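**Q** Protein chains in written order, with this note's numbering: chain A, 1 to 463; chain B, 464 to 926.
2 protein chains.
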Amino acid sequence: MCSPDMEKIKNYLHQHRGRFVRELCEYLRFPSVSADARYRRGLGACAKWLTTHSRKIGLNTELYRTNGNPVVLACTPRRARNQKPHYLVYGHYDVQPPEPLELWKTPPFQPRIVGHSLFARGASDNKGQHFAHLKAVEAYLRTRTELPCDLTFVIEGEEEVGSPSLAAFLYRHRARLRCDGVVISDTTLYGLQYPTLSYGLRGICDFEITLHGPNRDLHSGTFGGAVKNPAMALCQMLAQMRDEHGRITIPGFYDDVRALSPFERSALALHPFDTDDYKKSIGVSELFGEVGFTPVEQRSARPTLEINGLTSGHQGEGGKTIIPSWARAKVTMRLVPHQTPEKILALTVAHLKKICLPTVRMKIATAAGSDPYWVSPESTNVQAALDALRDAFGCEPLLAREGGSIPIVDEFKQILKADSLLLGLALPDDNAHSPNEKFNLEVFSKGMLMSACLWPRLSQFRK
Amino acid sequence: MCSPDMEKIKNYLHQHRGRFVRELCEYLRFPSVSADARYRRGLGACAKWLTTHSRKIGLNTELYRTNGNPVVLACTPRRARNQKPHYLVYGHYDVQPPEPLELWKTPPFQPRIVGHSLFARGASDNKGQHFAHLKAVEAYLRTRTELPCDLTFVIEGEEEVGSPSLAAFLYRHRARLRCDGVVISDTTLYGLQYPTLSYGLRGICDFEITLHGPNRDLHSGTFGGAVKNPAMALCQMLAQMRDEHGRITIPGFYDDVRALSPFERSALALHPFDTDDYKKSIGVSELFGEVGFTPVEQRSARPTLEINGLTSGHQGEGGKTIIPSWARAKVTMRLVPHQTPEKILALTVAHLKKICLPTVRMKIATAAGSDPYWVSPESTNVQAALDALRDAFGCEPLLAREGGSIPIVDEFKQILKADSLLLGLALPDDNAHSPNEKFNLEVFSKGMLMSACLWPRLSQFRK
Numbered sequence: 001m002c003s004p005d006m007e008k009i010k011n012y013l014h015q016h017r018g019r020f021v022r023e024l025c026e027y028l029r030f031p032s033v034s035a036d037a038r039y040r041r042g043l044g045a046c047a048k049w050l051t052t053h054s055r056k057i058g059l060n061t062e063l064y065r066t067n068g069n070p071v072v073l074a075c076t077p078r079r080a081r082n083q084k085p086h087y088l089v090y091g092h093y094d095v096q097p098p099e100p101l102e103l104w105k106t107p108p109f110q111p112r113i114v115g116h117s118l119f120a121r122g123a124s125d126n127k128g129q130h131f132a133h134l135k136a137v138e139a140y141l142r143t144r145t146e147l148p149c150d151l152t153f154v155i156e157g158e159e160e161v162g163s164p165s166l167a168a169f170l171y172r173h174r175a176r177l178r179c180d181g182v183v184i185s186d187t188t189l190y191g192l193q194y195p196t197l198s199y200g201l202r203g204i205c206d207f208e209i210t211l212h213g214p215n216r217d218l219h220s221g222t223f224g225g226a227v228k229n230p231a232m233a234l235c236q237m238l239a240q241m242r243d244e245h246g247r248i249t250i251p252g253f254y255d256d257v258r259a260l261s262p263f264e265r266s267a268l269a270l271h272p273f274d275t276d277d278y279k280k281s282i283g284v285s286e287l288f289g290e291v292g293f294t295p296v297e298q299r300s301a302r303p304t305l306e307i308n309g310l311t312s313g314h315q316g317e318g319g320k321t322i323i324p325s326w327a328r329a330k331v332t333m334r335l336v337p338h339q340t341p342e343k344i345l346a347l348t349v350a351h352l353k354k355i356c357l358p359t360v361r362m363k364i365a366t367a368a369g370s371d372p373y374w375v376s377p378e379s380t381n382v383q384a385a386l387d388a389l390r391d392a393f394g395c396e397p398l399l400a401r402e403g404g405s406i407p408i409v410d411e412f413k414q415i416l417k418a419d420s421l422l423l424g425l426a427l428p429d430d431n432a433h434s435p436n437e438k439f440n441l442e443v444f445s446k447g448m449l450m451s452a453c454l455w456p457r458l459s460q461f462r463k
Numbered sequence: 464m465c466s467p468d469m470e471k472i473k474n475y476l477h478q479h480r481g482r483f484v485r486e487l488c489e490y491l492r493f494p495s496v497s498a499d500a501r502y503r504r505g506l507g508a509c510a511k512w513l514t515t516h517s518r519k520i521g522l523n524t525e526l527y528r529t530n531g532n533p534v535v536l537a538c539t540p541r542r543a544r545n546q547k548p549h550y551l552v553y554g555h556y557d558v559q560p561p562e563p564l565e566l567w568k569t570p571p572f573q574p575r576i577v578g579h580s581l582f583a584r585g586a587s588d589n590k591g592q593h594f595a596h597l598k599a600v601e602a603y604l605r606t607r608t609e610l611p612c613d614l615t616f617v618i619e620g621e622e623e624v625g626s627p628s629l630a631a632f633l634y635r636h637r638a639r640l641r642c643d644g645v646v647i648s649d650t651t652l653y654g655l656q657y658p659t660l661s662y663g664l665r666g667i668c669d670f671e672i673t674l675h676g677p678n679r680d681l682h683s684g685t686f687g688g689a690v691k692n693p694a695m696a697l698c699q700m701l702a703q704m705r706d707e708h709g710r711i712t713i714p715g716f717y718d719d720v721r722a723l724s725p726f727e728r729s730a731l732a733l734h735p736f737d738t739d740d741y742k743k744s745i746g747v748s749e750l751f752g753e754v755g756f757t758p759v760e761q762r763s764a765r766p767t768l769e770i771n772g773l774t775s776g777h778q779g780e781g782g783k784t785i786i787p788s789w790a791r792a793k794v795t796m797r798l799v800p801h802q803t804p805e806k807i808l809a810l811t812v813a814h815l816k817k818i819c820l821p822t823v824r825m826k827i828a829t830a831a832g833s834d835p836y837w838v839s840p841e842s843t844n845v846q847a848a849l850d851a852l853r854d855a856f857g858c859e860p861l862l863a864r865e866g867g868s869i870p871i872v873d874e875f876k877q878i879l880k881a882d883s884l885l886l887g888l889a890l891p892d893d894n895a896h897s898p899n900e901k902f903n904l905e906v907f908s909k910g911m912l913m914s915a916c917l918w919p920r921l922s923q924f925r926k
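Okay, structure coming up:
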């Protein structure tokens, strides 16, 4: 896409790049940690700075109170009887706690540039990523280039603590937030040569199973042999939930799983995934997953069941000769379309009840997390976004599915009926949530360009 | 056995019973807790009191230093060219910590008599039990009745902390401790109508298995599906170690197990074991054990494998979406003759290595505890002891096997080549190791009588 308008914008982005980086550093100086009350002041100051900055760009900006941290809402100016499409851009100004501080090479809220890397807490997750979108809009507004669509930035301050206020906010403002799609840059791309669009997310649900045996820890000598050990019963129940082919054995578990299309499988096969590097990076000598699927498919496009924790009996050093009174496991299941947490949990509970031995008493607590998400990679919005990635990065983008769950995507879908386009600008080695978080400034430049190209690409289909 | 000598002794025991109880109360006033350094003074004073008391009875008594707490050694006077058989009586003057103090109805070291129960810490475990033997010997000595054997009391002060100094003591004094048997009253009888001789103990060994998966806890969304979860691997390995018939599946595990003889099975069948009461007392609705054996056999005469603790990943409240980096189990196995801890551990490790998946790394730590113990219930010593129980209690005694392990029995066997006769005087509701420990004074009387009858019964076979 090389219209004269786009040339103007590209030039603007190029000319002002140095200032953009300085502004991003300003933004990163705020310790806007949402999980720790000690940072409350830094969080409030950060939201105010972002509001002021968005207004300076030319966006109509309001800072909205919620039950938690405020949401910054910033809109492009609109004319009456507007017929343009409308897109939301989601981001979050809150960041993960910086601890452990001693592992940072320089202080987390004193941004430092080394080569193409800008080090600071929140640089990649998520300030740098949504700042790229803000700067692209600035380019449109300052060069007086007409945007082919209306844009509303929704930038919240509670993402790192589970976005507890977002759903209510979206619901309250659902009329003015009605849109043709949501753009979110909060996922990963493999590298500068691998711009990536994520078109699916796994859903999540979890259960906690507690097996109660004797009414107290029993002496394993005096009682051992005549009483069922609840830790053994738990092992026996959990062991049979995944077979040697990596399949989950809960009856009906796979009934609603949408098969991967040949198009998807070939798209996922293009990922630059190196099994040996992967094994080395996580320190295992062999991978293990569902037979018949590649590791990329296993960890993103297939459901799974993982034990997150086991607790029973003696935990400390040395021995204690007991039959424990109880044993507990915490388990999460990752779901893919069209599984639902509710149905999967119902199947799971029914199965556990069936396989539970009469020699122990079982208690199950369940929690439905979020639905899996999937938008057709062959849809016009996705195709338009892929074009924008091609424009900006100058190479063929990858289609990906995320193994994790982003509950807000589910909320945009449920409340606003809007699909999300996940256009991640984080590199795998950006250390999100870890010490020495960084953001790649080349990706930042490509990201601004991608955002600038995205709006005409998306809007052409709505005209 | 109603010789004129025995009548004299019976009368003495009867006449002085009130004083014996007062002396036992004196003995119980010493807070001789071995596990807690704050009680060191009480422990030393207790050992001195016991030494003085034994001398007063007429025993040649010495207080021997060890690396830990002293051992009281008290012998009946011997003549030169002595041809009498020699028996040891083992006991321990140290007691369990009394905590939690708030659960005691009266202070643990202020003995209190209610009906036939003498409440105090150590009343049953073990001061009252070995005091009965001391008083029986006093009866012989004070009535100038010739003992048909020599006796040596070995009363240590570290039983409740695992008897760390006893083996060295026995080895050092092995010449003068050479004997024809060891009498130990430190086990349980079902009730006054069920005097009990325990002719077997289970051995014990344990292992700790740790499975290492990824080099850190991994995000269960990003990684879940392509990596073996070590908690699941642990469950799968442990689950298959005991089958649905309660059998341990380690190849060769049962090879050395001595089958229960018809004599033993019919003896064990006489136990007043009520399955419903048992289930109620431990709070389970169904028992579980090795098919083909009664609960009494399962918990005492058959080997077992019990998980004592499971630890992996998230332990606290709420959820944490991880694949844990490692998972650990602590396991004890109880052994029966002629299994040995060394061989069973070797078989276990070989089996674990065989079933361990290549997708995890395994570390195993093992510890051999003690050998199982068994003396033929048809042997002359056991038959003599059963006669003494008949004499004293006036009813048919039970033969039992203990499910637990008493390492000192193994040490007497290994170091002195001596078999032990376990003639327990503790009732199941004596609250050993618990608040409100008590000793039944009727059992005390019967115990003194049993001890008095025991020496002629035992010695007749050695004459």
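Just so it is clear, CB atoms sit at the ideal spot from N, CA and C, and this is done for glycine as well. None of the values given here were measured: they were computed from a predicted structure.
For A:V349, which residues of its own chain have a beta-carbon under 7 Å away from its beta-carbon, when the five flanking residues on both sides are left out?
**A** Hits under 7 Å: I364 and T366.
**Q** Alpha carbon to alpha carbon, how far is A:R265 from B:H801? Give it in angstroms, no decimals.
**A** Approximately 60 Å, taken between the alpha carbons.
**Q** Given that B:H801 touches chain A, what residues does it touch there, using C-beta distances under 7 Å?
**A** Here the premise fails: no neighbours, minimum Cβ distance about 18 Å.
**Q** Run through chain B and tell me which residues come within less than 9 Å of A:N126, C-beta to C-beta.
**A** The premise fails here: A:N126 is roughly 16 Å from chain B at the closest Cβ pair, so nothing lies under 9 Å.
**Q** Within 10 angstroms of its Cβ, does B:K691 collect 16 or more other Cβ (buried), or is it exposed?
**A** Classification for B:K691: buried.
**Q** Please report the distance separating the alpha-carbon of A:Y278 from that of A:G191.
**A** Cα to Cα, A:Y278 sits roughly 15 Å from A:G191.
**Q** Pull out every residue of the region 676-691 of chain B whose Cβ sits closer than 7 Å to any Cβ of chain A, in chain order.
**A** Answer set for the region 676-691 of chain B: G676, P677, N678, L681, H682, S683, G684, T685, F686, G687, G688, A689, V690 and K691.
**Q** Whole angstroms is fine: what's the gap from B:F483's alpha carbon to B:L904's?
**A** Taking the straight line from one Cα to the other gives about 10 Å.
**Q** Look at the alpha carbon of A:S434 and the alpha carbon of A:V137, and state the distance between them as a whole number of angstroms.
**A** So the alpha carbons of these two residues sit roughly 30 Å apart.
**Q** Residues in the same chain with beta-carbon distance under 6 Å from B:K547, minus the five sequence neighbours each way, listed in chain order, please.
**A** Result list for B:K547: C612 and D613, in chain order.
**Q** Thinking just about the alpha-carbon of each residue, which of B:S833, B:L879 and B:F736 is nearest to the one in B:A638?
**A** For the residues B:S833, B:L879 and B:F736, the minimum Cα distance to B:A638 belongs to B:L879.
**Q** For A:P164, which residues of its own chain have a beta-carbon under 8 Å away from its beta-carbon, when the five flanking residues on both sides are left out?
**A** Closer than 8 Å at Cβ, skipping near neighbours: N67, G68 and E158.
**Q** By alpha-carbon positions, which one of A:G369, A:H14, A:G289 and A:E290 ends up nearest to A:P341?
**A** Among A:G369, A:H14, A:G289 and A:E290, the Cα nearest to that of A:P341 is on A:G369.
**Q** Closest by CA to B:R641, which one among B:E671, B:K876, B:D892 and B:L890?
**A** The shortest Cα separation from B:R641 among B:E671, B:K876, B:D892 and B:L890 belongs to B:K876.
**Q** Measure how close the beta-carbons of B:L773 and A:T332 come, nearest whole angstrom, since I'm counting them as under 8 Å.
**A** Rounded, the Cβ-Cβ distance is 18 Å, inconsistent with contact.
**Q** Give the residues of chain B in contact with A:G403, contact being defined as C-beta atoms less than 9 Å apart.
**A** Under the 9 Å cutoff, chain B gives H682, S683, G684, T685, F686, G687, G688 and A689.
**Q** Under a Cβ-count criterion, where at least 16 other Cβ atoms within 10 Å of its own Cβ denotes burial, should B:N844 be classed as buried or exposed?
**A** Per the 10 Å Cβ criterion, buried.
**Q** Are there 16 or more other CB atoms within 10 angstroms of the CB of A:D276, so buried, or fewer, so exposed?
**A** By the 10 Å Cβ count, A:D276 comes out exposed.
**Q** How about A:L352 and A:M237: do their beta carbons lie closer than 8 Å?
**A** In this structure, A:M237 lies closer than 8 Å to A:L352 by Cβ.
**Q** Rounded to whole angstroms, how far is the Cβ of A:P397 from the Cβ of A:P195, which I believe are closer than 8 Å?
**A** About 4 Å; that satisfies the 8 Å criterion.
**Q** Can you name the residues that DSSP bridges to B:E671?
**A** DSSP output for B:E671 lists B:K793 and B:A828 as bridge partner(s).
**Q** Between which residues of its own chain and A:I248 is the CB-CB distance below 6 Å, once the five residues before and five after are set aside?
**A** Correct list, in chain order: R242 and L305.
**Q** Taking Cβ positions, are A:N308 and B:H579 nearer each other than 8 Å?
**A** Taking 8 Å as the Cβ cut-off, A:N308 and B:H579 do not qualify as a contacting pair.
**Q** With DSSP as the reference, please indicate the residues paired to A:L260 in a beta bridge.
**A** DSSP, once it has assigned bridges, lists no residue as partnering A:L260.
**Q** Consider the Cβ of B:M825: report whether some Cβ of chain A lies at a distance smaller than 8 Å.
**A** No, because no Cβ of chain A sits closer than 8 Å to the Cβ of B:M825.
**Q** Output needed for A:R17: all residues of its chain with C-beta closer than 7 Å, excluding positions within five of it in sequence on either side, in chain order.
**A** Closer than 7 Å at Cβ, skipping near neighbours: S445.
**Q** Return yes when the Cβ of A:V336 is within less than 8 Å of the Cβ of A:R216, no when it is not.
**A** No, the Cβ-Cβ distance between A:R216 and A:V336 is not below 8 Å.
**Q** On the DSSP bridge list, what partners appear for A:R112?
**A** Beta-bridge pairing links A:R112 to A:F119.
**Q** Taking only beta-carbon atoms, is A:K330 less than 8 Å away from chain B?
**A** A:K330 counts as touching chain B.
**Q** For A:W374, list the residues DSSP reports as bridge partners.
**A** For A:W374, which the question treats as bridged, DSSP gives the partners A:G200.
**Q** Please classify B:H636: does DSSP put it in a helix, a strand, or coil?
**A** DSSP places B:H636 in coil when its eight states are reduced to three.
**Q** Evaluate A:D274 with the Cβ neighbour count: other Cβ atoms within 10 Å of its Cβ, from every protein chain shown; 16 or more gives buried, anything less gives exposed.
**A** It counts as exposed.
**Q** Under 9 Å Cβ-Cβ, which residues of chain B neighbour A:I155?
**A** Neighbours of A:I155 on chain B: none; closest Cβ ~23 Å, over 9 Å.
**Q** Quick check: is the beta carbon of A:D391 nearer than 8 Å to any beta carbon in chain B?
**A** By this cut-off, A:D391 is not an interface position.
**Q** Along the chain, where does the beta strand (DSSP E) that runs through A:Y64 open and close?
**A** It spans N60 to Y64 - the beta strand (DSSP E) in which A:Y64 sits, taken as one unbroken run.
**Q** Just the C-alpha distance for A:A327 and A:F223, rounded to the nearest angstrom, thanks.
**A** Taking the straight line from one Cα to the other gives about 17 Å.
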